[in-house]
Structure formats: structure tokens, C-alpha cells
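I have placed the structure first, in the form of C-alpha cells, so that the comments after it can refer back to it.
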Amino acid sequence: MEYNAPPFEVSFEGLLFDMDGTIIDSTAAVVKHWHTVGNEIGVDPEVILQTSHGRRSIDMLKVLSPEKANWEYVRHMEGLLPKLHGADATEIPGARALLDDLIAAGAQWTIVTSGTEPLVGGWLEVMKLPRPEHLVTAESVADGKPDPACYVLGREKLGLGDGSPDVLVLEDSPAGIRAGKAAGCKVLGLVTSHTADQVLAAEPDWVVRDLRSVALAGAEGDRVTLRISDALVASAAAATGK
18 MEYNAPPFEV
28 SFEGLLFDMD
38 GTIIDSTAAV
48 VKHWHTVGNE
58 IGVDPEVILQ
68 TSHGRRSIDM
78 LKVLSPEKAN
88 WEYVRHMEGL
98 LPKLHGADAT
108 EIPGARALLD
118 DLIAAGAQWT
128 IVTSGTEPLV
138 GGWLEVMKLP
148 RPEHLVTAES
158 VADGKPDPAC
168 YVLGREKLGL
178 GDGSPDVLVL
188 EDSPAGIRAG
198 KAAGCKVLGL
208 VTSHTADQVL
218 AAEPDWVVRD
228 LRSVALAGAE
238 GDRVTLRISD
248 ALVASAAAAT
258 GK
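In case it helps, the numbering used here puts the sequence shown at residues 18 to 259.
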């Protein structure tokens with residue numbers, strides 16, 4: 018497998034971005050925070066970290082610490098993360114440039130994340146990243162990824178809830194990739210938090226290292242055209258962009 022597919026272009030009416038692992042990388046901050054929280058609630062932090070990425074904290078706590086599985090606790094706990102460990106997060110390469118170009122072109126986009134609103138809002142503020150008009154957060158749906166409800170809601174918030182494939186999900190976690198596919202979207206998988214094999218196993222439409230491989234090629238009406246370069250060649254489909 019090589020990241021050397023010829024550049025190709027694809028067009029969409031809307032884009033749905035995951036947050037952690039897609040726009041930012043807060044891994045170092047999350048590790049520190051879950052070590053603190055795990056010790057406070059009596060759960061091995063390593064057990065938490067093995068299952069936390071791409072999942073809602075409330076879903077994980079229902080299994081590991083049911084007494085803490087409530088929104089009041091989760092929102093407070095997650096809201097502290099950017100405040101305490103903001104300096105430990107970095108941008109996913111190419112994310113800011115792509116968002117800036119999409120906004121300048123008037124593209125429809127939003128963030129669909131397993132994090133709570135205090136967590137997402139905190140990171141956007143700390144990182145000085147643009148905030149979309151709509152957000153889909155952990156509190157927005159009854160079931161988290163890989164359930165497709167979050168991405169179905171994301172489509173609806175963009176006015177694109179008719180099930181057409183003209184919506185692109187940008188995701189790094191296998192659970193999120195599966196959620197996007199189940200919601201009827203095309204999915205671009207990023208190899209930022211998992212191995213290429215793990216990302217491929219979730220069956221995204223295309224795979225890239227990070228968002229440096231994605232650029233705005235044009236905008237016309239309600240559609241934007243993206244140019245994808247250096248995608249992972251794992252099959253004929255990946256090489257042709259189909």
C-alpha cells in the first residue's frame with residue numbers, strides 16, 4: 018500500500034468533519050486528562066484509553082463507571098480538558114487551510130463529534146479555529162458512533178437529509194467511518210490516530226494521511242469540488258476515486 022494515487026476531483030453539497038483526529042490532535046492532552054480522571058473515579062486509565070477514541074465518554078462510562086455516566090459530570094469533566102491541557106493539542110496538518118478555503122467559498126460544513134459541547138467549544142476557542150453555524154455533539158443524539166444518528170443529524174442541519182451521497186464525512190476513527198457510511202455519506206478516512214489497516218477495515222471510500230491531501234478545487238452554486246492527492250492505493254477503486 019502506498020500513498021501515491023494520482024490526484025482526482027470529487028464534488029459535494031456538504032462536508033461533515035469529525036473533530037479529534039480530523040481537525041485537531043489532542044491525544045497528548047487526552048492521555049493526561051484521562052489519567053487524572055481515571056485515578057479520581059477508580060478506573061485504570063489505560064483501560065479507558067484503550068476504548069475512548071471516537072467514542073462518547075458517557076457511553077464508555079456506562080460500562081466502566083456507571084455512577085459517573087450522566088451529562089452533568091461528563092460535560093464538566095470534558096470542559097476542563099482544553100482549559101487544563103490546551104497547550105498539548107495540535108492541528109491536524111492541512112485542517113485550518115481547508116476550513117478557511119471552504120468558508121471563503123461559502124461551502125456548507127459542520128462538525129460532528131463524540132465530544133460534548135463544552136469540549137468542542139473549548140478546543141475551538143483555544144486553537145482559534147472557526148466555529149460552524151451548527152454543531153452536532155455528544156449530547157445531540159441518543160446513541161454515539163458507530164451508530165449513524167450523529168451524521169444523519171449533521172446532514173439534516175445542513176439541509177441535506179434526503180439520503181443522497183452528495184455529503185462527505187471526514188473521519189479518522191473506525192467507529193466514525195462506519196457511522197458515516199451507515200448514514201449514506203461518502204467517507205474520507207484519515208490515518209492520524211489508527212493504522213492504515215484499521216482505517217481500511219472500516220471501509221471508507223478513500224484514505225489519506227491527513228488533510229494536506231485535500232484542497233478546494235472550485236465552488237459552483239451549492240457544490241464544492243475537492244482535489245484529493247496522494248491517497249492510499251489499496252484497490253483499483255482508491256486509485257480512480259470511485
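Every residue gets a Cβ at the ideal spot worked out from N, C-alpha and C, and that includes glycine.
The DSSP-derived three-state label of Arg240 is strand.
Per DSSP, the unbroken beta strand (DSSP E) holding Glu188 starts and ends at Val184 to Glu188. If only uninterrupted beta strand (DSSP E) runs of at least 3 residues are considered, those enclosed by the stretch 65-132 are 126-129.
Taking the C-beta atoms as reference points, Val184 is found nearer than 8 Å to Phe29. Taking C-beta separations shorter than 7 Å and ignoring five residues to either side along the sequence, the partners of Ala46 in its chain run Leu98, His102, Asp105 and Ala106, following chain order. Looking at the backbone, the Cα of Asp35 and that of Leu177 are separated by about 17 Å.
Per the Cβ contact rule, the stretch 185-201 is in contact with the stretch 159-175 (3 or more Cβ pairs under 8 Å). Membership of Lys49 in the alpha helix (DSSP H) is indicated by the continuous run Thr44 to Ile58. In the three-state reduction of the DSSP assignment, Ala200 falls in the coil class.
With fewer than 16 neighbouring CB atoms inside 10 Å of its own CB, Ile120 falls in the exposed class. Proximity of the stretch 217-227 to the stretch 63-72 falls short of the contact definition, fewer than three beta-carbon pairs being nearer than 8 Å. CA-to-CA, the gap between Gly123 and Pro110 works out to about 22 Å. In the DSSP annotation of this structure, the continuous segment of the beta strand (DSSP E) that includes Val225 starts and ends at Trp223 to Val225.
Taking Ser131 as the centre and dropping the five residues before and after it, the same chain places the C-beta of Gly71, Arg72, Arg73, Ala155, Gly161 and Lys162 closer than 7 Å to its C-beta, in chain order.
For the set Glu95, Gly59, Met94 and Lys100, the Cα lying nearest the Cα of Leu81 is the one of Gly59.
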